[in-house]
Amino acid sequence: MAKAQHRTPEYRAAYQQLRRAQAAGQWLVCVESECKRSSRDISPLDRASISHDQTGTVILGPSHLGCNLSEAASRGNRMRAARVRRLVL
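Written out as structure tokens, the structure is:
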């Protein structure tokens, strides 16, 4: 099941707008702070997704799928590393 932040009307509208733009042959620009590609350009044939802020409440815009997944993995790893792990003896 999709996370709650991916079920909001705003997210769905942004996702549909992204799909329509790519179907129309428009080039988009990756909004991730650290784009993993050599160019921020998203071609109509590239896999793209919708990026949101760390809280999941503010939609930032289109990004390369790889850039979005990389940012999410980095954020998740930081959150897990911050937890205190206690061993049961």
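One gets the working numbering by counting positions in the sequence shown from 1 and adding 298 to each. Built from N, CA and C at the ideal position, the CB exists for glycine as well.
From which residue to which residue does the alpha helix (DSSP H) around Leu-387 run? In the sequence shown, residue 387 corresponds to position 89, counting from 1. Premise fails: Leu-387 is in no alpha helix (DSSP H) and is neither H nor E.
Does the pairing of the region 341-351 with the region 372-381 give three or more beta-carbon distances under 8 Å? No, because fewer than three Cβ pairs between the region 341-351 and the region 372-381 fall closer than 8 Å, the two stretches do not touch.
Whole-angstrom distance between Ile-357 and Ser-341, CA atom to CA atom: By one-based count along the sequence shown, residue 341 stands at place 43. By one-based count along the sequence shown, residue 357 stands at place 59. Whole-angstrom Cα-Cα distance: 20 Å.
Would you kindly report the start and end of the unbroken beta strand (DSSP E) that includes Ser-361? Counted from its first residue, the sequence shown places residue 361 at position 63. Here the beta strand (DSSP E) through Ser-361 covers 357-362.
Helix, strand or coil: which one does DSSP assign to Ser-368? Here the question's residue 368 lines up with position 70 in the sequence shown. Three-state DSSP puts Ser-368 in a helix.
Looking only at its chain, what residues have a beta carbon closer than 6 Å to the beta carbon of Asn-375, apart from the 5 residues adjacent to it on each side? By 1-based counting over the sequence shown, the position of residue 375 is 77. Scanning its chain for C-beta atoms nearer than 6 Å, with the 5 sequence neighbours on each side dropped, one finds no residue around Asn-375.
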